[in-house]
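Peer 1:
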Amino acid sequence: MANQFDVVVIGAGPAGYVCAIRAAQLGLKTACIEKWSDDQGKARLGGTCLNVGCIPSKALLDSSYKFAEARDSFVKHGIKHSGVEIDVPTMQTRKDSIVKQLTTGVAGLFKANGVTLLEGTGKLLAGKQVELTKADGSVEMVTAQNVVLASGSRPIEIPPTPLTDGLIVDSTGALEFQEVPSRLGVIGAGVIGLELGSVWGRLGAEVVVLEALDAFLPTADQQIAKETLKIFQKQRLDIRLGARVTGSEVKDKEVEVIYQDAKGDEQKLTFDKLIVAVGRRPNTENLMAPDAGINLDERGFIVVDDCCLTDVPGVYAVGDVVRGPMLAHKGSEEGIMVAEIIAGQKARMNYDLIPSVIYTHPEVAWVGKSEEAVKASGVQYKVGTFPFAASGRALAADDTHGMVKVIADQATDRILGVHVVGPSAADIVQQGVVAMEFAASSEDLALTIFSHPTLSEALHEAVLAVDGHAIHIANRKRR
Ligand code: FAD
Ligand code: AMP
Numbered sequence: 224m225a226n227q228f229d230v231v232v233i234g235a236g237p238a239g240y241v242c243a244i245r246a247a248q249l250g251l252k253t254a255c256i257e258k259w260s261d262d263q264g265k266a267r268l269g270g271t272c273l274n275v276g277c278i279p280s281k282a283l284l285d286s287s288y289k290f291a292e293a294r295d296s297f298v299k300h301g302i303k304h305s306g307v308e309i310d311v312p313t314m315q316t317r318k319d320s321i322v323k324q325l326t327t328g329v330a331g332l333f334k335a336n337g338v339t340l341l342e343g344t345g346k347l348l349a350g351k352q353v354e355l356t357k358a359d360g361s362v363e364m365v366t367a368q369n370v371v372l373a374s375g376s377r378p379i380e381i382p383p384t385p386l387t388d389g390l391i392v393d394s395t396g397a398l399e400f401q402e403v404p405s406r407l408g409v410i411g412a413g414v415i416g417l418e419l420g421s422v423w424g425r426l427g428a429e430v431v432v433l434e435a436l437d438a439f440l441p442t443a444d445q446q447i448a449k450e451t452l453k454i455f456q457k458q459r460l461d462i463r464l465g466a467r468v469t470g471s472e473v474k475d476k477e478v479e480v481i482y483q484d485a486k487g488d489e490q491k492l493t494f495d496k497l498i499v500a501v502g503r504r505p506n507t508e509n510l511m512a513p514d515a516g517i518n519l520d521e522r523g524f525i526v527v528d529d530c531c532l533t534d535v536p537g538v539y540a541v542g543d544v545v546r547g548p549m550l551a552h553k554g555s556e557e558g559i560m561v562a563e564i565i566a567g568q569k570a571r572m573n574y575d576l577i578p579s580v581i582y583t584h585p586e587v588a589w590v591g592k593s594e595e596a597v598k599a600s601g602v603q604y605k606v607g608t609f610p611f612a613a614s615g616r617a618l619a620a621d622d623t624h625g626m627v628k629v630i631a632d633q634a635t636d637r638i639l640g641v642h643v644v645g646p647s648a649a650d651i652v653q654q655g656v657v658a659m660e661f662a663a664s665s666e667d668l669a670l671t672i673f674s675h676p677t678l679s680e681a682l683h684e685a686v687l688a689v690d691g692h693a694i695h696i697a698n699r700k701r702r
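Here my numbering is used: the first residue of the sequence shown is 224, the next is one more, and so on.
(1) Using only the alpha-carbon positions, how far apart do MET626 and ARG504 sit?
(2) Quick check: is any heavy atom of ligand 2 less than 7 Å from the C-beta of VAL414?
(3) Which residues in the same chain as PRO585 place their Cβ atom closer than 6 Å to its Cβ, once the five residues preceding and following it in sequence are excluded?
(4) Apart from the five residues on each side of it in sequence, which residues of its chain come closer than 7 Å, Cβ to Cβ, to VAL686?
(5) Is ASP543 helix, strand or coil when you go by DSSP?
(6) Verify the contact flag: LEU419, CB atom, against every heavy atom of ligand 3, threshold strictly below 7 Å.
(7) What would DSSP say about TYR482, mapped onto helix, strand or coil?
(8) Tell me which residues share the same chain as TRP589 and place their Cβ nearer than 8 Å to its Cβ, disregarding the 5 neighbours each side in the sequence.
(9) If you drop the 5 nearest sequence neighbours on each side, which residues of the same chain put their C-beta closer than 8 Å to that of ALA617?
(10) Quick check on HIS695: does DSSP put it in helix, strand or coil?
(11) Would DSSP call GLU380 helix, strand or coil?
(12) Spatial neighbours of PRO676 within its chain, please: CB distance less than 6 Å, with the 5 preceding and 5 following residues excluded, ordered by chain position.
(13) For the alpha helix (DSSP H) holding ILE256, just list the boundary residues, first then last.
(14) Let me know if LEU433 comes out buried or exposed under the rule of 16 or more other beta-carbons within 10 Å of its beta-carbon.
(15) Span of the beta strand (DSSP E) holding HIS704?
(16) Just list the residues that DSSP pairs MET659 with in beta bridges.
(17) Check whether the region 465-475 and the region 418-435 are in contact - that is, three or more C-beta pairs closer than 8 Å.
(18) Closer than 7 Å by C-beta to GLU521: which residues in its own chain qualify, once you throw out the five before and the five after it? Chain order, please.
(19) Tell me whether GLU402, by its Cβ, gets closer than 7 Å to a heavy atom of ligand 2.
(20) Verify whether the separation of the beta carbon atoms of LEU407 and LYS496 is less than 8 Å.
(21) Could you give the residue range of the beta strand (DSSP E) that holds TYR604?
(22) Starting from MET560, follow the alpha helix (DSSP H) in both directions and report where the run begins and ends.
(23) In this structure, what does DSSP give as the bridge partners for ARG504?
(24) Any heavy atom of ligand 1 inside 7 Å of the beta-carbon of VAL282?
(25) Expressed to the nearest angstrom, what Euclidean distance is found between the alpha-carbon atoms of PHE439 and LEU386?
(26) Between which two residues does the beta strand (DSSP E) carrying GLY470 extend?
(27) Report buried or exposed for ALA349, applying the criterion of at least 16 other Cβ atoms within 10 angstroms of its Cβ.
(28) Mapping DSSP to helix, strand and coil, what is GLU595?
(29) From the DSSP output, in three-state form, read off ILE672 for me.
(30) Who are the near neighbours of GLU563 in its chain, counting only those whose CB is closer than 6 Å to its CB and skipping five residues on each side?
(31) On the DSSP bridge assignment, give the partners of PHE228 in chain order.
(32) Whose CA, out of PHE228, SER260 and ILE233, lies closest to the CA of GLY250?
(33) Are the Cβ atoms of LEU492 and LYS346 separated by less than 8 Å?
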């Protein structure tokens with residue numbers, strides 16, 4: 224029957240579309256339902272990640288970084304210019320064309336792999352029936368042996384700062400500014416707040432980040448977090464910790480923000496734009512009928528086991544709609560795992576080795592356990608660090624802020640965590656992910672040959688430092 228499938232995936236974000244492609248590759252008759260459409264009513268594939276998340280934010284981060292380099296650093300390299308200007312509409316058009324290229328690319332991949340795209344809103348009913356409501360309001364029933372819920376997440380709104388058109392915005396609105404605000408407020412010093420604050424700060428906005436918590440990047444290794452905060456402060460990113468936003472007032476073309484500072488005193492600040500970046504919540508409204516048998520946890524995420532199986536046999540959930548970090552690569556891996564399990568394979572994913580990255584400059588990235596987490600686990604450990612200030616390649620690039628930190632088990636030497644703030648931190652940490660996936664010891668990496676001169680040599684030196692024999696810094700005396 225036309226509307227009968229082996230696998231129906233609801234949601235074409237990086238969790239859902241990757242799952243659908245892998246399922247089709249494995250010979251399963253697969254459909255993917257997506258409700259997001261453009262002005263012409265054509266499906267927009269790729270979810271948050273490709274449309275309003277990872278990709279457009281990185282496009283703006285890269286453009287703004289090039290601008291800041293040209294303005295602030297070229298002259299040091301002997302490159303003279305007579306003034307650099309930013310043309311924001313052109314920057315935005317470039318970003319939009321990258322988004323378009325990638326989202327239409329997903330449609331091409333669906334075709335190439337034989338995934339049926341069903342445009343409309345999907346809802347799981349009892350008995351693995353899926354109700355498909357199309358844009359014109361018509362309803363069709365789709366049946367599936369297996370259903371994968373991949374409906375993603377959306378920004379959290381908070382009562383003190385209701386969104387207004389173009390003045391108080393969420394992350395999606397912050398990707399669309401057509402001019403650089405003079406005074407920009409950001410609520411939340413999480414990944415999204417820091418990245419978007421960096422984009423507009425580099426282009427000339429005076430940025431204040433208000434963060435309710437006293438700790439900066441509480442899930443990161445705290446030595447790295449402290450180093451990161453110092454670097455950001457040098458970049459004039461005004462990050463105020465212990466600052467809880469309690470209210471706001473829109474006045475003509477400005478917004479006044481009221482917050483309680485770390486001492487408990489009330490403070491007020493006025494901005495031209497305010498970005499609310501206080502986290503994201505899972506999309507589960509109208510996703511399943513009450514008798515579909517799917518349960519949610521206390522935070523609203525769909526309850527799943529380690530294999531992303533819900534409480535209903537044959538119904539899985541992947542990506543931002545389930546527990547774990549809200550990251551595109553986490554969702555995609557879950558999507559692949561689920562497709563392979565449905566096809567009868569014994570797939571599993573390693574939840575301990577999901578890397579985290581903040582794409583500021585310098586980047587911040589880590590994998591595995593922080594020093595605080597290792598200490599709390601009671602395991603005896605050793606640490607090696609290496610500053611980029613001692614890296615020849617970082618000096619050549621005039622990019623010397625930050626450090627690499629490697630934590631290894633004292634008894635077995637197995638690497639427990641790799642933490643980096645610095646140039647190309649994401650790519651350096653990725654080498655740690657590969658090493659840790661193969662259960663490498665710090666000695667394994669120490670015996671690995673690294674090309675010279677590369678930024679990755681800082682990782683080599685940090686693993687050498689674990690056992691006190693880094694070459695290009697003085698090692699700490701061992702007892
Ligand atoms: P989504 O990408 O949210 O996709 C879900 C899809 O399901 C959407 O297309 C939605 O329209 C559709 N849908 C929902 N309900 C239904 C329904 N009932 N019927 C049909 N379709 C439905 N992560 C990273 O790893 N790296 C980054 O650099 C990064 N940067 C980010 C920057 C920003 C500004 C933001 C906002 C997020 C960023 N993220 C990043 C997070 C990343 O975008 C998400 O983790 C990822 O998109 C989640 O994938 P997903 O497939 O679970 O959900
Ligand atoms: P993340 O979930 O990593 O994107 O980070 C969101 C951040 O926003 C968290 O660190 C929260 O502590 C912070 N936050 C949430 N509500 C407020 C608020 N009212 N004022 C300031 N910061 C907030």
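Idealized CB from N, CA, C, for every residue including glycine.
Peer 2: From the atom records:
(1) Within the sequence shown, numbered from 1, the residue matching residue 626 stands at position 403. Within the sequence shown, numbered from 1, the residue matching residue 504 stands at position 281. Rounded to whole angstroms, the gap between the alpha carbons of MET626 and ARG504 is 33 Å.
(2) For this step, residue 414 is matched to residue 191 along the sequence shown. Yes, the Cβ of VAL414 comes within 7 Å of a heavy atom of ligand 2.
(3) Against the sequence shown, residue 585 aligns to sequence position 362. Cβ within range, chain order: HIS624, GLY625, VAL644, GLY645 and PRO646.
(4) Taking the first residue of the sequence shown as position 1, residue 686 is located at position 463. Result list for VAL686: GLY607, VAL629, SER665, LEU668 and ALA669, in chain order.
(5) Looking up residue 543 in the sequence shown gives position 320. Residue state, collapsed to three classes: helix.
(6) Of the ligands one can find in the structure shown, namely ligand 1 and ligand 2, none is ligand 3.
(7) The residue you call residue 482 lines up with position 259 of the sequence shown. TYR482: strand per DSSP, three-state reduction.
(8) Along the sequence shown, read from residue 1 onward, the residue named residue 589 stands at position 366. Cβ within range, chain order: ALA443, ASP444, ILE447, PRO578, SER579, GLY640, VAL641, HIS642, VAL643 and VAL652.
(9) Stepping through the sequence shown from its first residue, residue 617 is reached at position 394. If we look at ALA617 and ignore the five residues flanking it on each side, its Cβ neighbours are PHE611, THR623, GLY645, PRO646, LEU678 and ALA681.
(10) Translated into the one-based positions of the sequence shown, residue 695 becomes position 472. Coil.
(11) Along the sequence shown, read from residue 1 onward, the residue named residue 380 stands at position 157. DSSP places GLU380 in coil when its eight states are reduced to three.
(12) Residue 676 sits at position 453 when you count from the first residue of the sequence shown. If we look at PRO676 and ignore the five residues flanking it on each side, its Cβ neighbours are GLY615 and ARG616.
(13) The count along the sequence shown starts at 1 and reaches residue 256 at position 33. In the DSSP annotation of this structure, ILE256 is not part of any alpha helix (DSSP H); the continuous beta strand (DSSP E) holding it starts and ends at 253-257.
(14) Within the sequence shown, numbered from 1, the residue matching residue 433 stands at position 210. That one is buried.
(15) Past the edges of the chain, shown from 224 to 702, lies residue 704, and the structure says nothing about it.
(16) Against the sequence shown, residue 659 aligns to sequence position 436. None, per the DSSP bridge assignment.
(17) Cβ pair count under 8 Å is three or more, so yes.
(18) Residue 521 sits at position 298 when you count from the first residue of the sequence shown. If you ignore the 5 residues before and after GLU521, its C-beta comes within less than 7 Å of no other C-beta in its own chain.
(19) Residue 402 sits at position 179 when you count from the first residue of the sequence shown. Result no, Cβ not under 7 Å from ligand 2.
(20) As a working mapping, residue 407 is identified with position 184 in the sequence shown. As a working mapping, residue 496 is identified with position 273 in the sequence shown. Cβ atoms of LEU407 and LYS496: closer than 8 Å.
(21) Against the sequence shown, residue 604 aligns to sequence position 381. Where TYR604 is concerned, the enclosing beta strand (DSSP E) stretches over 604-610.
(22) Counting from one through the sequence shown, the residue named residue 560 turns up at place 337. First-last of the alpha helix (DSSP H) with MET560: 551-565.
(23) What you label residue 504 is simply residue 281 of the sequence shown in a count that begins at 1. Beta-bridge pairing links ARG504 to ARG377.
(24) Residue mapping note: residue 282 aligns to position 59 of the sequence shown, counting from 1. For the sequence presented, residue 282 should be read as Ala rather than Val. No, the beta carbon of ALA282 sits no closer than 7 Å to any heavy atom of ligand 1.
(25) Numbered from its first residue, the sequence shown carries residue 439 at position 216. Numbered from its first residue, the sequence shown carries residue 386 at position 163. Straight-line Cα distance between these residues: approximately 25 Å.
(26) Within the sequence shown, numbered from 1, the residue matching residue 470 stands at position 247. 467-474 is the extent of the beta strand (DSSP E) around GLY470.
(27) In the sequence shown, the residue the question calls residue 349 occupies position 126. Its Cβ having fewer than 16 others within 10 Å, ALA349 is exposed.
(28) Along the sequence shown, read from residue 1 onward, the residue named residue 595 stands at position 372. Judged by DSSP in its simplified three-state form, GLU595 adopts helix.
(29) One-based indexing of the sequence shown puts residue 672 at position 449. It is coil, neither helix nor strand.
(30) The residue given as residue 563 occupies position 340 in the sequence shown. For GLU563, where only same-chain residues beyond five positions count, the Cβ hits under 6 Å are ALA570.
(31) Here the question's residue 228 lines up with position 5 in the sequence shown. Answer is ALA367, bridged to PHE228.
(32) Counting from one through the sequence shown, the residue named residue 250 turns up at place 27. Of the candidates PHE228, SER260 and ILE233, the one whose C-alpha sits nearest the C-alpha of GLY250 is PHE228.
(33) Taking the first residue of the sequence shown as 1, we reach residue 492 at position 269. Taking the first residue of the sequence shown as 1, we reach residue 346 at position 123. No, Cβ-Cβ distance for LEU492 and LYS346 is not below 8 Å.
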